[in-house]
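Each residue of the sequence shown is one higher than the one before, counting from 41 in our numbering.
Don't be surprised by glycine CBs; every beta carbon is placed ideally from N, CA and C.
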Amino acid sequence: AAQRMAWPVTSSTATTLVVFLPLLFWPGIAGEFMKYLPITLLVTLTGSLIMALVFVPTVGGVLGRKDDRTVPPGVDEADLLVVQNPYDRLGTAGRFYLATLRRVVGHPGKLLIAGVLLLAGAIGAYALFGRGVEFFPEVEPTQAAINIRARGDYSVEERDVLVRQVEERILGMPEIESVYSRTSLRFGGEEEEDLIGRIQLRYVDWTERRPSAEILAEIRKRTADLAGIIVEPEEQESGLSSGKPIQIEISSRRPELLPDAVAQIRAGLEHIDGLVDITDSRPIPGIEWRLRVDRDQAARFGADITTVGNAIQLVTNGIKIGDYRPHDADDEVDIRVRFPPADRNLGQLDELRISSASGSVPVSTFMTRTPAPRVGNLQRVDGRRVMTISADVEEDVVADTKVQEIAAWLETANLDPEIDVRFRGETEDQEEAAAFLEKAFIAAVCLMALILVTQFNSFYQAFLVLTAIVFSTIGVMLGLLVTNRPFGIVMSGVGVIALAGIVVNNNIILIDTYNVLRERGKDAIDAVLETCAQRFRPVMLTSVTTVLGLMPMVLGINVDLIGRNIEIGSPSTQWWTQLSTAIAGGLSFATLLTLLLTPSMLLLGERATAYFRRVFRRGAGGEALPAETTQRA
């Protein structure tokens, strides 16, 4: 067995290895996250190949049962699997399979057309009834955040009052383990300018609470009557992208066009169903007071900019005169001097006086105070001013579906020609991941084709194995439809690539046995039937064990052997449901194709070869060709 199956097993493992090899070069954050999967598989599959070729035959030779059957005269022991009668060991399922195969193997063309129609039907059915496409699977979070937004020139104390109102509505919820609130004038980063506060929540264990979506929906209801603020619950980010799933970047070389364009696009998004928490980066209305000092006039009174600045700090943050470290603290505390709270106002700026060589002089003598619109954060990308619009989606709504809907609306929005609109964030990451996986899949198929041609010395048989990869996507689509899950670019995409390496294994074993039987002089139809009788049990075993091994991940079952506990739907299983569903569904359908379509296509290839040989023998004008030419053909 080891001698007979060494090359097929090696080829099967090599095709799986080359499938995961391109994934090692996956760029970006997605590549950093997923690179451990191909690394682990490359190491373990190499070890399994050594195990299958060396250790298993050795252990089998020591512990295996002694076979009383004798080897026929003139037959090598390595060929014993070929000459034994495979029909003797078929069970009920095997006999039913062979009976079905005998009926369909004579109609390979019809079976091929049926496969193509099934492929088109599965893709069409998923396009109509599927959940769409998403970048990364959603995982039940352990934390959440509540963003409080308000448009106005509020002091930090006024903002804190508004944040406290939201905090009081949340504190009584038993499903929240802890609450951390923060109020600030400037959060920094990429947050919207009207963000006045943020409340971070930590949930209790997922087995003791409702899903996070239901908890956040209740928070929306509890805070809906609060006037003057916008409360936006936000789940913990567990994917590969940051921020809201829909991010639109508006840029132009004429910055004055951006506010109107942002307002127009945002107004359009307000009328699209399924979008929530729409925000933009336009600066909030406000006034800045600009103080200008006439240096020449100040010099006449013996004053300078530093003196005036120190006087102004008495009204604002105060003048630092030293520092002090309390005995119960590790950090120093600034000691500042400033006016009492009642005197910290704009009117006090006009009454400020400074000491000079001429005595006490009002700063208004050489300082003017003028109002101006407040300037927010200015953002540039590639030297062009940009503004952004962000939006979240409702529960059970796929962001990619809404992105396509928004893109279709933008084509009819009649924006200014000098305005450029691009989708950023998750959409951009999704496009990059899809482009890489497409290239990785093509590279993997090319490497597999090279191995298959080397193994079979036949372009047709190599092509036949590769077509099984295409037809296996029928099972992927049907599996996603049955489980009602979206097609994940990262997880389902990797699942399809992994499926390509798994599907070819059974086909390699099947075709290799067929080629050996043909070399022994078997007729094509007899070789096909005997091959399927021999390989029915190995093909079913490998497929069934693989699918059964994936079922806990498909069903979201987490088995805790140490704690003797079985959990269904735990957050740790939600990472892998898309990948396992793609492999299990595709492999299940691919096994059916391997047992029915592959033998039929082998017979179709033999018939086509025989037909072209007959045509070639006739030669030009219907005359027979010389024997030497026919033999070379």
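Going by DSSP, name the residue or residues bridged to residue i.
{"i": "M593", "result": "BP columns for M593 are empty, so no partner."}
{"i": "T408", "result": "R332"}
{"i": "G362", "result": "I375"}
{"i": "R238", "result": "N187 and R222"}
{"i": "R393", "result": "P402"}
{"i": "P413", "result": "I327"}
{"i": "E478", "result": "None; E478 has no bridge partner."}
Suppose the cutoff is 8 Å on Cβ atoms and the five residues either side in sequence are ignored; what does the same chain contact list for residue i look like?
{"i": "E208", "result": "none"}
{"i": "G596", "result": "I608, G609, S610, T613, Q614 and T617"}
{"i": "L93", "result": "A42, A46, V49 and T50"}
{"i": "R464", "result": "Q287, I288, E289 and T428"}
{"i": "V421", "result": "E289 and S291"}
{"i": "A190", "result": "R199, L202, D234, I236, G268, I269 and I270"}
Would DSSP call residue i helix, strand or coil?
{"i": "G322", "result": "Note on residue identity: the sequence assigns Arg, not Gly, to residue 322. Looking at R322 - three-state DSSP - the assignment turns out to be coil, as it is neither helix nor strand."}
{"i": "A185", "result": "strand"}
{"i": "R250", "result": "coil"}
{"i": "E607", "result": "strand"}
{"i": "V355", "result": "coil"}
{"i": "T428", "result": "strand"}
{"i": "F60", "result": "helix"}
{"i": "V599", "result": "strand"}
{"i": "P639", "result": "helix"}
{"i": "G528", "result": "strand"}
{"i": "I269", "result": "coil"}
{"i": "S292", "result": "strand"}
{"i": "F95", "result": "helix"}
{"i": "Q287", "result": "strand"}
{"i": "D456", "result": "coil"}
{"i": "V173", "result": "strand"}
{"i": "D317", "result": "strand"}
{"i": "V123", "result": "With a pLDDT of 46 at V123, under the threshold of 50, the modelled position of this residue cannot be trusted, and the question is left open."}
{"i": "I548", "result": "helix"}
{"i": "Y554", "result": "helix"}
Figure out for me which residue from the options has the closest Cα to the Cα of residue i.
{"i": "P62", "options": "M74, I69 and S52", "result": "M74"}
{"i": "S398", "options": "V421, A382, A338 and A448", "result": "A338"}
{"i": "E254", "options": "M213, L235 and I288", "result": "M213"}
{"i": "A412", "options": "L477, L331, S498 and T182", "result": "L331"}
{"i": "E458", "options": "L81, V433, S292 and L354", "result": "S292"}
{"i": "V419", "options": "R238, P323 and E391", "result": "A quick correction: the sequence has Gln, not Val, at residue 419. Checking every option, the nearest Cα to that of Q419 belongs to P323."}
{"i": "Q276", "options": "G87, T408 and R242", "result": "R242"}
{"i": "D363", "options": "L354, I537, V377 and N350", "result": "V377"}
{"i": "F169", "options": "R525, Q495 and I551", "result": "R525"}
{"i": "F379", "options": "H367, L389 and N555", "result": "L389"}
{"i": "I239", "options": "R260, I186, I602 and T405", "result": "I186"}
{"i": "L492", "options": "V530, D460 and D552", "result": "D552"}
{"i": "F65", "options": "R191, A448 and A484", "result": "A484"}
{"i": "A624", "options": "M407, P592 and L392", "result": "P592"}
{"i": "A475", "options": "L57, T347, R44 and G68", "result": "G68"}
{"i": "L569", "options": "G134, M91, R44 and G101", "result": "G134"}
Distance, Cα to Cα, residue i vs residue j?
{"i": "A502", "j": "V516", "result": "22 Å"}
{"i": "V655", "j": "Q444", "result": "54 Å"}
{"i": "E646", "j": "R558", "result": "11 Å"}
{"i": "S512", "j": "L157", "result": "13 Å"}
{"i": "L77", "j": "V522", "result": "26 Å"}
{"i": "I312", "j": "L225", "result": "32 Å"}
{"i": "T319", "j": "T428", "result": "8 Å"}
{"i": "A369", "j": "I361", "result": "20 Å"}
{"i": "G423", "j": "R294", "result": "12 Å"}
{"i": "P177", "j": "P251", "result": "16 Å"}
{"i": "D334", "j": "P381", "result": "29 Å"}
{"i": "V196", "j": "A167", "result": "51 Å"}
{"i": "V59", "j": "G535", "result": "11 Å"}
{"i": "V355", "j": "A343", "result": "19 Å"}
{"i": "G172", "j": "D440", "result": "7 Å"}
{"i": "D374", "j": "N350", "result": "16 Å"}
{"i": "I270", "j": "A303", "result": "18 Å"}
Here's a check: name, in chain order, each residue in its chain whose Cβ is nearer than 7 Å to the Cβ of residue i, leaving out the five neighbours to either side.
{"i": "I163", "result": "M517"}
{"i": "V122", "result": "Residue confidence is low: V122 scores 48 on pLDDT, short of 50, so the model does not pin down where it sits. No coordinate-derived value is stated."}
{"i": "G674", "result": "Nothing can be reported for residue 674: it is not among the residues displayed for the chain, which extend from 41 to 673."}
{"i": "I514", "result": "L158, L159, A162 and F629"}
{"i": "Y554", "result": "A567, V568, T571 and L642"}
With a threshold of 6 Å on Cβ separation, who are the neighbours of residue i within its own chain once the five nearest residues in sequence on each side are excluded?
{"i": "R462", "result": "E289"}
{"i": "S52", "result": "N545 and I548"}
{"i": "L17", "result": "Limits of the chain in this structure are 41 at one end and 673 at the other, which puts residue 17 out of reach."}
{"i": "L392", "result": "A351 and V403"}
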